[in-house]
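Enquirer: Residue numbers (the numbering used here): 88 to 509.
Backbone N, C-alpha and C define an ideal beta-carbon position, used for all residues, glycine too.
A quick note: this is a predicted structure, and the numbers were derived from the prediction, not measured.
Below you'll find the structure I mean.
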Ligand code: EPZ
């Protein structure tokens with residue numbers, strides 16, 4: 088397994104290009120199942136999760152061709168050969184469950200393995216299931232697989248989600264595009280990835296309104312046609328790299344970054360004393376070397392502070408002036424980066440969903456272990472500002488969500504390299 092070696096090296100300077108959003112691409116790809124015409128995605132990120140979704144779609148009989156080094160995905164699901172999403176693929180990536188709604192809508196049937204838990208939580212699918220049942224699907228669990236049937240097709244309904252689940256919103260909206268009649272989805276997720284999905288579905292001929300608000304209305308149509316869609320910028324990659332100059336000092340321009348993708352996160356960074364400026368090419372983030380001010384963070388659904396940036400923010404606050412608190416309200420076990428940061432000298436107290444961080448002058452490099460995607464990159468960020476060397480192991484987690492992280496950070500002056508086969 089590869090490892091990443093980081094050496095604290097002082098202020099950063101330069102520009103980092105932001106790729107297309109992993110979490111948008113992972114719902115845009117299954118959308119190809121809704122039509123027998125080609126769907127092409129541009130600005131796709133080059134990540135292992137995208138490869139996994141490619142394998143899954145191909146296992147269903149869809150054609151997925153990766154062009155321009157993976158930045159363009161040309162897809163067609165004219166002839167599906169099976170309606171079963173196999174456990175072997177689904178267990179590797181929870182987002183595989185996003186084929187459920189499209190298969191049901193297109194073929195009236197889907198057999199999708201339950202993804203099983205993951206490091207950050209149990210991640211049940213009750214909200215997906217109740218939404219699709221409201222559309223007329225009959226869903227039962229057998230041998231770890233969800234067997235979903237809609238023999239007479241799906242029928243529009245008024246649905247209110249108990250929680251604004253991102254994945255459930257995506258599954259229900261995709262399914263409703265081909266249902267008979269009108270669907271009103273209340274307490275829908277409002278994340279930018281949902282807005283991007285709706286933009287693509289509309290280009291395919293879907294009739295949808297309200298994306299980005301808590302209520303999305305879908306008028307079912309008989310069929311969807313092909314389209315070409317550019318994947319929105321990855322706001323989590325953006326936020327991650329905004330923290331790099333904040334923790335190490337310096338000034339970095341994030342190309343393709345947009346403040347409206349991260350409203351609460353940007354407000355919080357500015358409250359900590361970091362300077363953010365919108366430029367013609369993206370966002371410029373600057374922070375004189377030295378430490379930020381402690382702030383309190385609570386993760387919430389969009390437009391609140393994103394849970395996917397909680398670990399990275401904790402790394403920053405480990406060297407802040409003062410004591411910060413972080414409250415994780417979205418997942419039940421998303422502080423696994425804390426013990427690893429403590430190996431680097433961080434002072435963190437974790438009680439359930441709350442963490443208290445007392446800032447220290449400087450972290451110390453150490454060998455640490457990545458446990459999940461966002462925890463792994465928080466350890467790299469900590470390593471940028473630490474004294475000495477930090478060796479982050481199990482970086483396959485990292486490669487799921489960050490393309491070429493060592494190249495992007497080296498380009499702005501970080502001393503970081505990948506060590507093959509650790
Ligand atoms: C998406 O996961 C993202 N993944 C996650 O990013 C992100 O953390 C999450 O949204 C929240 O923003 C993708 O888009 C591929 P949820 P998703 O359904 O859809 C509970 C990353 O690092 N829940 O909004 O699975 C669930 O257990 C990943 O890129 C139910 O209880 O998130 C969790 O506690 C990690 N029942 C909370 O809701 C359900 O039926 C949020 O889940 C569904 C969810």
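Looking at residue 417 and the ligand EPZ, is the gap between the Cβ and the nearest heavy atom below 7 Å?
Expert: yes
Enquirer: Closest to residue 393 by CA distance: which of 360, 356, 486, 367 is it?
Expert: 356
Enquirer: Report yes or no: do three or more beta-carbon pairs, one from the region 374-389 and one from the region 274-282, lie closer than 8 Å?
Expert: yes
Enquirer: Using C-beta distances below 7 Å, list every residue in its chain close to residue 407, excluding the 5 sequence neighbours before and after it, in chain order.
Expert: 359, 378, 379, 380, 381, 446
Enquirer: Look at the Cβ atom of residue 505, then the Cβ atom of residue 136, and state whether they are nearer than 8 Å.
Expert: no
Enquirer: Can you give, in chain order, each stretch of the beta strand (DSSP E) that sits fully within the region 292-370 and has at least 3 residues?
Expert: 294-296, 302-306, 314-317, 337-342, 362-365
Enquirer: Residue range of the alpha helix (DSSP H) that residue 176 falls in?
Expert: 174-177
Enquirer: Nearest to residue 410 by CA position, among 216, 434, 481, 159, is which residue?
Expert: Nearest of 216, 434, 481, 159 to residue 410, Cα basis: 434.
Enquirer: For residue 232, name the three-state secondary structure that DSSP assigns.
Expert: strand
Enquirer: Report whether the distance from the Cβ of residue 320 to the nearest heavy atom of the ligand EPZ is below 7 Å.
Expert: Residue 320 has its Cβ no nearer than 7 Å to any heavy atom of the ligand EPZ.
Enquirer: Quick check: does the Cβ of residue 484 come within less than 7 Å of any heavy atom belonging to the ligand EPZ?
Expert: no
Enquirer: Taking the alpha carbon of residue 169 as the point to measure from, which residue in 199, 209, 465, 178 has its own alpha carbon closest?
Expert: 199
Enquirer: How far does the alpha helix (DSSP H) with residue 141 in it extend, from its first residue to its last?
Expert: 135-146
Enquirer: Should residue 418 be labelled buried (16 or more other beta-carbon atoms within 10 Å of its own) or exposed?
Expert: buried
Enquirer: How would you write the range of the alpha helix (DSSP H) that residue 257 sits in, first residue to last?
Expert: Run containing residue 257: 253-263, per the alpha helix (DSSP H) assignment.
Enquirer: Please name the residue or residues paired with residue 205 in a DSSP beta bridge.
Expert: 208
Enquirer: Based on Cα-Cα distance, which residue from 263, 484, 453, 464 lies nearest to residue 475?
Expert: 453
Enquirer: Taking 7 Å as the line, does the beta carbon of residue 253 fall inside it for any heavy atom of the ligand EPZ?
Expert: Flag set: Cβ of residue 253 near the ligand EPZ.
Enquirer: How big is the Cα-Cα spacing for residue 315 and residue 127?
Expert: 5 Å
Enquirer: Look up residue 461 in the DSSP assignment and say whether it is helix, strand or coil.
Expert: helix
Enquirer: From the DSSP output, read off the bridge partner residues of residue 92.
Expert: 478, 504
Enquirer: Please confirm whether residue 477 and residue 431 have their CB atoms less than 8 Å apart.
Expert: yes
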